[in-house]
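Quick note, the sequences are listed as chains G and P, same order.
The first sequence begins at 2 in the working numbering and counts up by one.
The second sequence begins at 2 in the working numbering and counts up by one.
Positions of the beta carbon are idealized from the N, C-alpha and C atoms, including for glycine.
Bear in mind the structure is a predicted one, so any value in this text is a computation, not a measurement.
Taking it in order: structure first as structure tokens, then the write-up.
There are 2 protein chains.
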Amino acid sequence: MTRWVDGLASAGVAAGIKPSGDLDLGLLVAARPVAWAGTFTRNAAAAACVHWNRAALGRRARTLVVNSGNANACTGGAGRNTVEATAAAAAKLIGCGTDDVLVCSTGPIGIPLDARLIESALPAAARSLSSKVDDFSRSLLTTDTIPKVSTSSPAGASVVGVAKGAAMIAPNMATMLAFLGTDADVPADVLQNALEWAVDRSFNRLCLDGCESTNDSVLVLATGNGPKLDQQQLREGLLEVCSDLALKIARDAEGATKLVRVRVEGARSETHAVEHGRAVARSDLWRAAIHGGDPNWGRVLAAMGAVDRDLDVETTSVAIGGELLFGKGEPCGDLAAAAEAMSEDEFTVSVALDQGDSVAEVLTSDLSEEYVTLNAEVTT
Amino acid sequence: MTRWVDGLASAGVAAGIKPSGDLDLGLLVAARPVAWAGTFTRNAAAAACVHWNRAALGRRARTLVVNSGNANACTGGAGRNTVEATAAAAAKLIGCGTDDVLVCSTGPIGIPLDARLIESALPAAARSLSSKVDDFSRSLLTTDTIPKVSTSSPAGASVVGVAKGAAMIAPNMATMLAFLGTDADVPADVLQNALEWAVDRSFNRLCLDGCESTNDSVLVLATGNGPKLDQQQLREGLLEVCSDLALKIARDAEGATKLVRVRVEGARSETHAVEHGRAVARSDLWRAAIHGGDPNWGRVLAAMGAVDRDLDVETTSVAIGGELLFGKGEPCGDLAAAAEAMSEDEFTVSVALDQGDSVAEVLTSDLSEEYVTLNAEVTT
Numbered sequence: 002m003t004r005w006v007d008g009l010a011s012a013g014v015a016a017g018i019k020p021s022g023d024l025d026l027g028l029l030v031a032a033r034p035v036a037w038a039g040t041f042t043r044n045a046a047a048a049a050c051v052h053w054n055r056a057a058l059g060r061r062a063r064t065l066v067v068n069s070g071n072a073n074a075c076t077g078g079a080g081r082n083t084v085e086a087t088a089a090a091a092a093k094l095i096g097c098g099t100d101d102v103l104v105c106s107t108g109p110i111g112i113p114l115d116a117r118l119i120e121s122a123l124p125a126a127a128r129s130l131s132s133k134v135d136d137f138s139r140s141l142l143t144t145d146t147i148p149k150v151s152t153s154s155p156a157g158a159s160v161v162g163v164a165k166g167a168a169m170i171a172p173n174m175a176t177m178l179a180f181l182g183t184d185a186d187v188p189a190d191v192l193q194n195a196l197e198w199a200v201d202r203s204f205n206r207l208c209l210d211g212c213e214s215t216n217d218s219v220l221v222l223a224t225g226n227g228p229k230l231d232q233q234q235l236r237e238g239l240l241e242v243c244s245d246l247a248l249k250i251a252r253d254a255e256g257a258t259k260l261v262r263v264r265v266e267g268a269r270s271e272t273h274a275v276e277h278g279r280a281v282a283r284s285d286l287w288r289a290a291i292h293g294g295d296p297n298w299g300r301v302l303a304a305m306g307a308v309d310r311d312l313d314v315e316t317t318s319v320a321i322g323g324e325l326l327f328g329k330g331e332p333c334g335d336l337a338a339a340a341e342a343m344s345e346d347e348f349t350v351s352v353a354l355d356q357g358d359s360v361a362e363v364l365t366s367d368l369s370e371e372y373v374t375l376n377a378e379v380t381t
Numbered sequence: 002m003t004r005w006v007d008g009l010a011s012a013g014v015a016a017g018i019k020p021s022g023d024l025d026l027g028l029l030v031a032a033r034p035v036a037w038a039g040t041f042t043r044n045a046a047a048a049a050c051v052h053w054n055r056a057a058l059g060r061r062a063r064t065l066v067v068n069s070g071n072a073n074a075c076t077g078g079a080g081r082n083t084v085e086a087t088a089a090a091a092a093k094l095i096g097c098g099t100d101d102v103l104v105c106s107t108g109p110i111g112i113p114l115d116a117r118l119i120e121s122a123l124p125a126a127a128r129s130l131s132s133k134v135d136d137f138s139r140s141l142l143t144t145d146t147i148p149k150v151s152t153s154s155p156a157g158a159s160v161v162g163v164a165k166g167a168a169m170i171a172p173n174m175a176t177m178l179a180f181l182g183t184d185a186d187v188p189a190d191v192l193q194n195a196l197e198w199a200v201d202r203s204f205n206r207l208c209l210d211g212c213e214s215t216n217d218s219v220l221v222l223a224t225g226n227g228p229k230l231d232q233q234q235l236r237e238g239l240l241e242v243c244s245d246l247a248l249k250i251a252r253d254a255e256g257a258t259k260l261v262r263v264r265v266e267g268a269r270s271e272t273h274a275v276e277h278g279r280a281v282a283r284s285d286l287w288r289a290a291i292h293g294g295d296p297n298w299g300r301v302l303a304a305m306g307a308v309d310r311d312l313d314v315e316t317t318s319v320a321i322g323g324e325l326l327f328g329k330g331e332p333c334g335d336l337a338a339a340a341e342a343m344s345e346d347e348f349t350v351s352v353a354l355d356q357g358d359s360v361a362e363v364l365t366s367d368l369s370e371e372y373v374t375l376n377a378e379v380t381t
């Protein structure tokens, strides 16, 4: 059983937002106002709560309220009122300013979220606050099949994180949320810098269906009760947790049966490597081939050629599960060996460019009939 | 029954490239060398035949050889040799220069294509040349369920076109080919300009699975036996045929059950409108919602917000089948009415921005379980 760092407590309750009656409201409270940092979706149709939290950057935070079962995105003035009402109710209950409350949501887009459900359930959540992450981590989930928790211990400090995955019940975007706590004693600007660095190298290298959410948010609260960390120690500590959570999200992706690492070497820059990795990771055709266990390296090359017009196929190679299938401009290798590697739960497709020394890895999963079935369900 | 314009003849035969024994080799011959124009995939992993045809731009053409069942893409030196051997065999048979022969292929990527199959079948094709388009149009098909033929009559001239669709048997990219013939008397540079203009407004506004092919090609041959056309007459004549063929491709997309028009209004430019239309057209989540008949307008808005960071949702509206579901920053309208419209074989999703006067329409289809099943088949 995982516990938060000293100075943080959480709870998870059922507020009736999910028709199933499952846990759907999480509360995370710091013993006093603390430094925090956040990274958010860049989607122009971002949810009201994303705007609320962005406006709070630079202030201290005391309380975080998160609901699953409704994204409260594209819900207009009523949606904004719900965020404000949620913050006001939590502030009153915890004894802090409304401005000290962060709010997150995940679920279907465009459906009104009744603030009264949250207001009614918050007192029970406050009464059950404890250092355990368990109920909180479960209250975030939608079609995730398991809670996602991870920890690291950089230079004597602790980092604890929880996430919900890119899995979704019928009508929602792949809303991805992660919340981290650390006892590291660091200023907010260092925390923000380190979080952006870590998220860029972990969650931002996860590409499942290529659909960017209106609600994606990663937040970290730093209590300052622990040791001082320098920038690099903090970065590494956050990265360890973020990477592990990203891996857990990919493994539990909606309808997925495989975890696939797309490794790109020899790129001009890390950005260039990630661009190629994402192109391969989001190809519907390659992801369908993964599902069928078909070592269809041509789809990998075609996905790269579509995003990089200067790609030279003569100096580009593609290997699946370590078996080189295309190199020096020619097909080669043993397709049966590659198919064998693809039959495992996890495998790597490696692409080598001959343009530089940069390397990056992007995670993806297969595209299955189940993904289509789940997302074709009528629920609006 | 459709016939080519005067001066063009075609045939389609079975060369044994497709294991099914179906027609898989097409031959199109002009009575003398004629002006031609072509637009090609921009994929950096373009097939050997695409490079061959690009190099021939600016010369006259006499003969076109096209095979289905194998894309001859990413096949290295052997693939280049096959293109050359194909051109040489056709040149000898028809009595023209090797440089006067255009070559196109469609099918799985990365599989060697034996030139001898083509060389052996070409004589029979030459013997069965006729003015009918029928066998030629059928020889291009892969998982297309019907041949695609279209005609127009701009200012007393004729345009005839055939296409194969973005449908595919298991292991290939969405290779799209279209071949047009016209009797218009126009110079090659005018023809090239008009073709690019027409393709940009037709085939380039078709977005099914978002996967760009290594072999996409649209070619037009102009015999000059008919009237002289000015630039605009030619453009409109080609556009009429290209748009109709694009529509036929969308209707016959792999696994598709619906044709969907994504109409974007109020954009800053036509390019901007197309960018939004393509973003909506390639969203896996929205395409799964189409399949399920779910009027999930939030996915439409989220897809747009992911490609246009400056999108203002407060001044953006979304309507499905004429029913306004989001406007002035608020959800609105009758979801049941939108769902009713989505139950038809064809419907329009309309997006209105408030940024300018430009309009564009992009065609797409639904994402079905069948698409995944077909593309998960192991065939490499």
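Per DSSP, Ser151 of chain P is one residue of the beta strand (DSSP E) stretching across 149-153.
Each of G:Asp295, G:Lys259, G:Ala307, G:Gly293 was checked against the Cα of Val281 of chain G, and the nearest Cα belongs to G:Ala307. Ranking G:Gln234, G:Leu246, G:Ala254, G:Leu178 by CA distance to the CA of Leu220 of chain G puts G:Leu178 first. With 16 or more other Cβ atoms from the protein chains shown falling within 10 Å of its own Cβ, Leu326 of chain G counts as buried. The CB of Glu237 of chain G never comes closer than 8 angstroms to any CB in chain P; the least such distance is about 30 angstroms.
Between the segment 54-70 of chain P and the segment 236-252 of chain P there are fewer than three C-beta pairs closer than 8 angstroms, too few to call the two in contact. A buried status is given to Ile95 of chain P, since no fewer than 16 other beta-carbon atoms sit within 10 Å of its beta-carbon. DSSP places Thr224 of chain G in no beta strand (DSSP E); its state is neither H nor E. Residues of chain G with a Cβ closer than 7 angstroms to the Cβ of Trp298 of chain P are, in chain order, Gly111. Any Cβ of chain G closer than 8 angstroms to the Cβ of Pro20 of chain P would place that residue at the interface, and such an atom is absent.
Residue environment: Pro148 of chain G is assigned as buried (16 or more neighbouring CB atoms within 10 Å of its CB, all protein chains considered). For Leu103 of chain P, not one C-beta of chain G is nearer than 8 angstroms to its own C-beta.
Here Leu94 of chain P carries a helix assignment [DSSP, helix/strand/coil].
If only uninterrupted alpha helix (DSSP H) runs of at least 4 residues are considered, those enclosed by the segment 180-205 of chain G are 189-201.
Using a Cβ distance threshold of 8 angstroms, Val319 of chain G and Val352 of chain G count as a contacting pair. In summary, the residues of the segment 314-332 of chain P whose CB is separated from some CB of chain G by less than 7 angstroms are Val314, Phe327, Gly330, Glu331, Pro332, in the order they occur in the chain. By the C-beta density criterion, Ser344 of chain G is exposed, having fewer than 16 other C-beta atoms within 10 angstroms. If the five residues before and after Glu237 of chain P are omitted, its C-beta is found closer than 6 angstroms to the C-beta atoms of Pro155, all from its own chain and listed in chain order. Against chain P, a Cβ distance below 7 angstroms from Thr374 of chain G picks out Glu370. Glu378 of chain G reaches chain P at Gly293, Asp295, counting residues in chain order whose Cβ is nearer than 8 angstroms. Judged by DSSP secondary structure, Gly293 of chain G falls within the alpha helix (DSSP H) whose first and last residues are 285-293. Interface with chain G (8 angstroms Cβ-Cβ cutoff): Leu312 of chain P is included. Bounds of any beta strand (DSSP E) do not take in Ala48 of chain P, whose DSSP letter is neither H nor E. In terms of CA proximity to Leu9 of chain P, P:Gly182 leads the group P:Val360, P:Ala290, P:Gly182, P:Asp231.
Interface residue (Cβ-Cβ distance to chain G less than 8 angstroms): Asn73 of chain P is not classified as such. When C-beta atoms of the segment 5-20 of chain G are compared with those of the segment 286-295 of chain P, fewer than three pairs fall below 8 angstroms, so the two segments do not count as touching. With a threshold of 16 other beta carbon atoms within 10 Å, Arg43 of chain P falls short and is exposed. Using a Cβ-Cβ cut-off of 8 angstroms, Asn44 of chain G counts as an interface residue toward chain P, since at least one Cβ of chain P sits closer than that to its own.
With a contact defined as Cβ atoms closer than 8 angstroms, Leu368 of chain P and Ala46 of chain G miss out at about 21 angstroms.
Between the alpha carbons of Asp295 of chain G and Gly80 of chain G lies a distance of about 45 angstroms. Taking a C-beta distance under 8 angstroms as the contact criterion, Leu239 of chain G and Ala290 of chain G do not qualify as a contact pair. If the five residues before and after Thr317 of chain G are omitted, its C-beta is found closer than 6 angstroms to the C-beta atoms of Leu354, all from its own chain and listed in chain order. Chain P has a Cβ within less than 8 angstroms of the Cβ of Ala290 of chain G. Taking 8 angstroms as the cut-off, the beta carbon of Leu130 of chain P is found closer than this to the beta carbon of Ala12 of chain P.
Pairing Ala303 of chain P with Ala185 of chain P, the inter-Cα distance amounts to about 46 angstroms.
Identification of chain G residues near Gly78 of chain P by a Cβ-Cβ cut-off of 8 angstroms yields Gly330, Glu331, ordered along the chain.
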